[in-house]
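Colleague: Those sequence lines, one after another, are chains D and V. Numbered according to UniProt numbering, the first sequence spans residues 1 to 385. Numbered according to UniProt numbering, the second sequence spans residues 1 to 1182. Cβ coordinates follow ideal geometry from the N, Cα and C atoms, glycine included. A quick note: this is a predicted structure, and the numbers were derived from the prediction, not measured. Below are the structure tokens for one structure; questions will follow.
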Amino acid sequence: MDYPYTEARPEKQWGAVFDLNKCIACQTCSLSCKTTWTNNEGQEHMFWNNVETKPYGSYPLQWDVEILDRLGVQEWGSDGVYEGKTIFEARDFDWESMAIDDDPETMHSEGIEGFRPDDEDWAQPNLGEDEPTGQEVESDTHIDEDHHPTWFFYLPRVCNHCTFAACAGGCPVQAIYKRQEDGIVLLDEDSCQSFQECVRACPYGKSIYNSVAQNSQKCVGCYPKVEQGLVPQCFENCLGKIRMHGWVNTPENADTSAPVDYMVHDAEVALPLYPQLGLEPNVYYIPPINVPTDYLEQMFGPRVEQAQETYRKARRGDEEYRKLRGALHLMGSTEWRIEEFEVTDEEAIGYDQDGHTVARVPMEEPTYERDRFDNQHDAYRLDIA
Amino acid sequence: MSDEETDGLELTRRELGAAAAGIAGASGLGFLGYRRLTGEETADEDGEGPMNPLEEYPNEEWDQKYRDVWEPDDSYMLTCTPNDTHNCYLEATIKNGQITRLGPSMNYGEATDLDGNQASQRWDPRVCNKGLAMVERFYNERRVKAPMIRQGFKQWVDDGFPRDSDGSMPEEYAQRGEDDFVEVDHEVAHEYAARTFLELADQYSGESGMQSLLDQGYDERVVEETQGAGVRTMKFRGGMPLLGVIKLFGQYRNANSMALLDNHVRDVSEDEALGAMGLDNYSFHTDLPPGHTMVTGQQTVDFDLASIEYADHIVLDGINYLTSKMADCHWLTEAKLKGSKVTGIFTDYNATASKCDELITVRPASDTALFLGAARVLIEEELYDEEYVRQFTDLPLLVRMDDNELLRASDLSADYEPADLEKTDAVADDADRPGVDVTNIDDQVITEELRREWGDFVVHNAESGEFEPVTRDDIGDDFDVPATIEGEFEIELADGETVEVRTVFDLIKEHLVGTWDLESTAEVTGTDPQAIENLARDFADNQQSTMLLTGMGPNHYANADQHGRAVFLLASLTRNVGYQTGNVGSYSGNYRMAYFNGVGQYANEDPFDVELDPEEPARTEKRWDAHSAHFYTNLDKPLKVDGEYFQGDSHMHTPTKSIWVSGSNSILGNAKGTYKIIEKALRTGKIEAFFTNEWWWSMTCEYSDIVFPADSWAEHHVHDITASVTNPFITTMPETEIDRIYNTLNDTQHYKGVAEKLAELTGDSRFEDYWAFIDEEEYQAKPYIQRIFDHSNAVKGYDVENLLEDAREGTPAIIMTRTYPKHVGNEQTQDSQPWYTKTGRLEFFREEEEFAEAGEHIPLHREPMDATPYEPNVIVDDSDSPVVAPETPDDRGWDSQEKARDTNDRQVRNVVKSPSELTDTSHPLTDLDEGYDYVYMTPKYRHGTHTFGADLEEMAVWWSNYGDQGRKTERDTFDTRKPYIGEGYVEMNPKDAREEDLQDGDYVWVDADPSDRPFPGYDPDDEETEYTRAMMRIRYQPSIPRGVTRSWMNVTQTSHKSYEAQQEREDGKAQSEDTNYVSMYRSGGHQSMTSTWLRRTWLTDSMPRKDMLGQNMDVGFEPDVHAANGAPKESFVKIEKAEDGGVNEEGEPEGNWRPVDEGVRPTQENDRMKQYLEGGFTSESD
């Protein structure tokens, strides 16, 4: 598999798990990002975080249909081994033909399959919202199958801070880089020379051009927060509590006492978005259990069915998945990054990097019953007053 | 540096797949091989080789930029309180004195109650999209930035209130919507308001005032209701006042203070002086589920949404939970994760449907029939809980078949003496009733007269065969008679007569079995019979473990009372009412003012005897009265057909000559029938003064006479409190830490300002004293808040200073109801306390004459008033039940079809049809053959809370398909016809749309019944009123079954000025040039198709119910409890093409809306989109 540069992994890699079964498409994440980072002139169309309804939603318009179409039908072996081409290979580019430096003359990004959306493709961030596909809805539609024959689901998207970031690989002036301390991929807005090759190269549509500032911009992983041990804005503000931020490690280095690695590498319930594109994205998604797998496998790879089954087992109360239930309850309950967690019979507890408890959530909210008459305050504590 | 490619480290592509499959030994997904792997040789040893940005970067210092953006100077907590029940503390980040962003407080997990019980961190975060976008609102050009008076109104006042010969305001002064506004000082605005109140009180008082009202055409019974007091024509309303007890409920204190004005104007004694009228909220919004009052005698049964995780089965009935209960969605998804089954009952495949385990689709407003069908299964197959039915419901009680009334113990024995009740206090008369703000009583209180009238009831003892009396005390554990549930008997009465009696259960069973077999239920509801059966079995299998949540869907139909009754029937049969793990809940609005039943200390303080010591409680004297705002939207006309009133005296309203509202766009700008009110009441001069307190220029402001600028939710200089029906928190509102952004005041400071002017004009300083603790320095309303706390059962013991201290950290307090999380019904199921009904039981039999007349003694299905393909408002029964015997058109000698066509008379038309007869009928508009074929509904959605938030740039763009980022900047506007950055639309099944020759994205006209909408007398050829006709985009929406259409009710509608702006502004935006009001429609709006509806059974003088506050029970009208309740979302429409969805290069309508041509739209996808939908871009190899 190809990539313009040599593999080099950061000391820690910014990562995330998004549970799509919990996403409600409220767009609070989008607004938290928008009001924090992209509220200036030239950024109107810029949603570093967006949520789109799949399958009819896409922002920019048709980002995934377009790149999948460009790659063409690709084979995924029945053994789970991807046999197709990635965006770094689809053009059969001879990466050895040029030395990659910051000289735009070389324009090595032409070796990456990609496209630049039209201006109008950025007009409608919520096209297709709540529009289902599959079986037609009729007046007597009745659904009681695991997989809804009529379906849609919500896909929240941020920059994946990819291990093999196409934006960085494609930048003709080497102005996009991966931070060693946390793996966040940043676009140096001072050095950007507006070639928009990152816009073209990022298959996720997450590098975006600002025609007023005349440079491209992208999600910054909220590094000012991450540096302080906090979770990014779209995580802290996630109302559906679907997001867990943490470090993601390679499988052999997985630290399953940390919730992200646990869900990705141990429970294996969270999968990367369009892994076949070849970027090793670092946001992992728990696929929605009610959606048929043909479409989901195109999006998350062949392990979808297994991930769905794992989630269903957790629902059924299988003891084996108590830890997973705990991790999923812990999500979103603290603004601090959880680096270690444990799950008891009654609760899940999250600790920060120093071992301090930053989240403690009961698996079931406690109930309290008060005396009917409160002597101290001379008041009946009535429900209907 | 390309010569290392061949070294042995190159991995094959298969590595990726191996990782993806999770095969042991692989290096993780996407831990890809790399072609140009150069290992340690990549960079030259001397560091001069090309840089690898995956491992180094020389210019990292640029990143200070975003650290600077992030780091705040300061922050503080503000309280976000739209009418969505969540009430969130938001942390406002300040930079250079301005709020730059908002975020969650993340401190709900710290909340405790007086006993030290604590909430968990699972409550955090509490925040939403609208809340975060609010930062744009604080500083927006659409803020109400200063007091504004409408030019024509100002002139009217300046001219000395000239009047036409009938005493009305001349139309020339009433050009509301068109006039300019004049900016004035606060004091000037307050003076104009005060002078107007004095004028109105004067003009409409006494004989001459009443004569003037009659001359103006008001109904005589309505005029009589003023009692000759001009102040009774003055209406006050705080919009959903629980959301800000001081600032919003303060409007009712305002109304109370008008007794001082009455005392001044009419020269009546202080004792006789009347206050003004308050308008309702919960019932006006049709949020009240009237069936709850009919069954339980009190406002509503509900529970904190956090409770749903205690249930094994969660039924979401017409509640689009994901979009309207955002902050509490995680309780649902987490419950599901722990195994709760979620069943959705919807009219479409909506957001919430996507999270359900089982989905039942029903025809809009037919859920009642669905529940009756399920109840039939439970009864016929004896799957119900006999013990619960005996102990908690009226189902075993006997009904006399000679008069269709409950059999009384006194019927059987001439000398029967009603038992002394332990749980109910019967006082000698109304004067002996306790105040609403007494916290140390828990007995229900009725008068001796009611006690005698209601009497005791009778059951048949299955073991002894005897008939035994049952009192209101005999409920729950205190009732152990083995009462016969099903049966009919002959019984000899005390007077020797023999009558047939049957149990309530028996009567209901007869109706259900005769009418609601699976096939008939399926036919009426349009549902799969299997779904009905499944629903029944899930209830049967999850007794005391099913939570049934009803949302606005079924609630916002004119027949929602029957829906509520059917819900309780199904739930009661399965022990699912009143438990922490099994209950029913209705979720519309935030309404339970009774959390602060001490609010009378504030709203009802005696204006003639004001308590000025902040440490002392107030003396209360309620002088104001209420009626439903429905009558104002019904142009002050009562429910009257052929000269007969179908409206109880206790519900009778007065003419509306002035209205003063706070925070209430629902009263006009987004009211059902908006254009009727504007064209027939406001622009005619019938309403003489319309004052609005707002911080955001709403459509209501567009048509107001004075707009008082209110502080935003970022600017609290006066404290306030709120609570919620969906969470257990008491939220106090701390002071702001920014300077005021514009020239605004707290709502209460406007009340005080007008009061000061009234004090000057009348010489009565008590007007001013009445608001003594409203200031920004010393008191900030705290004494009022503390008085409320000290007199409210659920918050007594809390200290306002302590709560404010926590509030500054973003930590609320937990409310002290009986349980955490709270739920209604605990007192009944656990303490055997009676419900607030005649019998003390959940009542399924209503014996009152209004119900008899309507044929609605028992729960049954009535068709919607308008939104049905069949004959509207028809009762469905096929059992020949003796208790389904309404007064029919025949009985009254009416032409039945004529009454069905007439939208007024239809409301009292009672016709019974069997299921199959019903489905053979058609809507009278369909019969016109003009294209009226579609049910139209206007529910709420995620990008606005009512209209709050929807029209902000950052929110408008999310309104699904017709957002347009380019509209923000005009750098690249793609379609200048768009009224704004987003726009309103109507959703339709693609097949229906094609049949109407409508392409996805076209502009269409949507018209409802032309006899009364957009307003009565609308003339399509009159250019003056063409702004009222609804034009919007059409959206192909495959989630909706055929025959059903929908627009979201949140987007802002067309005003005169926004309409004019669209025609005249260069950019074509529907943004009014002077007020900045924005419409998201090109003309009209979703309320062009809606109307107010009234029904007999909401307007009784006889139905028992608890007062809104306290433990007193009485009968008849009570605002927000038993009141007109008919401003529903329903309508029946035709849809016609107006313009092509696309534009040509000249910007003229032509061709398709772009995404259609792009091939990405449902039902008209291009080949690659089809391939994508099927997952066809990956294939599995062998």
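1. Let me check understanding here. Comparing Cα to Cα, which of D84(V), Y980(V), L54(V) lies closest to residue 1183(V)?
2. Excluding the 5 residues flanking G241(D) on each side, which residues of the same chain have their C-beta closer than 8 Å to its C-beta?
3. Since E422(V) meets chain D, which of its residues come closer than 8 Å, beta carbon to beta carbon?
4. How long is the line joining the alpha carbons of H923(V) and C159(D), rounded to whole angstroms?
5. Nearest to residue 386(D) by alpha carbon, out of S30(D), V283(D), S58(D)?
6. By DSSP's criteria, P156(D) is part of a beta bridge. Which residues make up the other side?
7. Judging by CA-CA distance, which residue of F539(V), V127(V), M865(V) is the nearest neighbour of L31(D)?
8. Closer than 8 Å, Cβ to Cβ, to anything on chain D: give me those residues from the stretch 815 to 833 of chain V, in chain order.
9. When DSSP labels each residue in this structure, what does I242(D) get in the three-state scheme?
10. With a 10 Å radius around its C-beta and 16 neighbouring C-beta atoms as the bar for buried, classify Q897(V) as buried or exposed.
11. Check whether the Cβ of F31(V) lies closer than 7 Å to any Cβ atom in chain D.
12. Going by the CB atoms, is the gap between Q306(D) and C33(D) shorter than 7 Å?
13. Should W835(V) be flagged as near chain D, meaning a C-beta pair shorter than 7 Å?
14. Under a three-way DSSP split, which group does L37(V) fall into?
15. With the cut-off set at 7 Å, would you say T633(V) and I687(V) are in Cβ contact?
16. Taking 7 Å as the threshold (beta carbon to beta carbon), is M699(V) in contact with chain D?
17. What would DSSP say about M1031(V), mapped onto helix, strand or coil?
18. At the 7 Å Cβ level, is G77(D) part of the contact set with chain V, yes or no?
19. Counting Cβ pairs closer than 8 Å, one from the stretch 795 to 805 of chain V and one from the stretch 97 to 104 of chain V, do we hit at least three?
20. Could you name the residues of the same chain whose beta carbon sits closer than 7 Å to that of S410(V), not counting the 5 residues immediately before and after it, in chain order?
21. In terms of alpha-carbon separation, which member of T141(D), P172(D), D190(D), P203(D) lies closest to P117(D)?
22. Can you tell me where the alpha helix (DSSP H) with L421(V) in it begins and where it stops?
23. In chain order, what residues of the same chain lie with their CB nearer than 8 Å to the CB of V304(D), ignoring the 5 residues before and after it?
24. With S916(V) as the anchor, note down where its beta strand (DSSP E) starts and where it stops.
25. Using a beta-carbon distance cut-off of less than 7 Å, what residues from the stretch 1009 to 1041 of chain V approach chain D?
26. In the stretch 330 to 347 of chain D, which residues sit with their C-beta less than 8 Å from some C-beta in chain V, listed in chain order?
27. In three-state terms, what does DSSP make of V499(V)?
28. Any chance you could list the alpha helix (DSSP H) runs of at least 4 consecutive residues sitting entirely within the stretch 480 to 549 of chain V, in chain order?
29. I'd like to know if C202(D) contacts chain V, where contact means its C-beta is closer than 7 Å to some C-beta of that chain.
30. Sorted by chain position, which residues of the same chain lie with C-beta nearer than 8 Å to T945(V)'s C-beta, five sequence neighbours on each side aside?
31. Which residues, taken in chain order from the stretch 776 to 798 of chain V, show a beta carbon closer than 8 Å to some beta carbon of chain D?
32. Please decide whether C159(D) counts as near chain V, where near means a Cβ-Cβ distance under 7 Å.
33. When you check each C-beta in the stretch 60 to 71 of chain V against every C-beta of chain C, which residues fall closer than 8 Å?
34. Looking at the strands, I want to know which residues DSSP matches up with Y82(D).
35. Could you please give the first and the last residue of the uninterrupted alpha helix (DSSP H) stretch that includes K757(V)?
36. Bridge partners for S1179(V) per DSSP, in chain order?
Modeller: In short:
1. Chain V is shown only over 1 to 1182; residue 1183(V) falls outside these bounds and no answer can be derived.
2. In the sequence on display, residue 241(D) carries Lys and not Gly. Taken in chain order, the residues that qualify are K22, M331, G332, S333.
3. Contact annotation for E422(V) against chain D: no contact, minimum CB-CB distance about 14 Å [criterion: below 8 Å].
4. Each residue's CA atom was taken as its position, placing H923(V) and C159(D) some 53 Å apart.
5. Chain D is shown from 1 up to 385; residue 386(D) falls before or after that span and cannot be answered.
6. Residue pairing by DSSP places P156(D) opposite V51(D) in a beta bridge.
7. Checking every option, the nearest Cα to that of L31(D) belongs to V127(V).
8. Listed in sequence order: M816, T817, R818, T819, Y820, P821, K822, H823, V824, G825, N826, E827, D831.
9. Look at I242(D) here: in three-state DSSP terms it is coil, with no helix or strand label.
10. Result: exposed.
11. Caution applies to F31(V), whose pLDDT of 35 falls short of 50 and renders its modelled position unreliable; the value that the coordinates give is listed next. Interface residue, yes.
12. No. Outside cutoff.
13. No, because no Cβ of chain D sits closer than 7 Å to the Cβ of W835(V).
14. Residue placement at L37(V) is flagged as unreliable, the pLDDT there being 33, under the threshold of 50; a coordinate-derived value is accordingly withheld.
15. Contact flag unset, no.
16. Nearest CB-CB separation between M699(V) and chain D: not below the 7 Å threshold.
17. Correct three-state label for M1031(V): strand.
18. The C-beta of G77(D) comes closer than 7 Å to at least one C-beta of chain V.
19. Touching, no, given that fewer than three Cβ pairs across the two stretches are closer than 8 Å.
20. Contacts found: Y416, G455.
21. Ranked by how close their Cα comes to the Cα of P117(D), the residues T141(D), P172(D), D190(D), P203(D) have P203(D) in first place.
22. Element bounds for L421(V): n/a, residue is neither H nor E.
23. The residues L271, P287, T293, L296, E297, in chain order, have a CB closer than 8 Å to that of V304(D) in the same chain once the five nearest residues on each side in sequence are set aside.
24. It is not in any beta strand (DSSP E) - S916(V) instead sits in the alpha helix (DSSP H) that spans 915 to 919.
25. Those residues of the stretch 1009 to 1041 of chain V that come within reach of chain D (Cβ to Cβ, closer than 7 Å) are Q1037, P1038, S1039, I1040, P1041.
26. Residues passing the 8 Å Cβ filter: G332, S333, T334, E335.
27. In this structure, DSSP gives V499(V) an extended state, which the three-state scheme calls strand.
28. Within the stretch 480 to 549 of chain V, the runs of alpha helix (DSSP H) that reach at least 4 residues and sit entirely inside it are, in chain order, 504 to 515, 518 to 525, 529 to 541.
29. C202(D) does not count as touching chain V.
30. Exclusion of the five residues before and after T945(V) leaves P82, N83, D84, K130, N1050 as the residues of its chain whose Cβ lies within less than 8 Å of its Cβ.
31. Result list: S792, N793, A794, K796, G797.
32. When Cβ-Cβ separations below 7 Å define contact, C159(D) makes no contact with chain V.
33. Of the protein chains in this structure, namely D and V, none is chain C.
34. Partner(s): W76(D).
35. Element bounds for K757(V): 747 to 762.
36. DSSP lists E75(D) as the beta-bridge partner residues of S1179(V).
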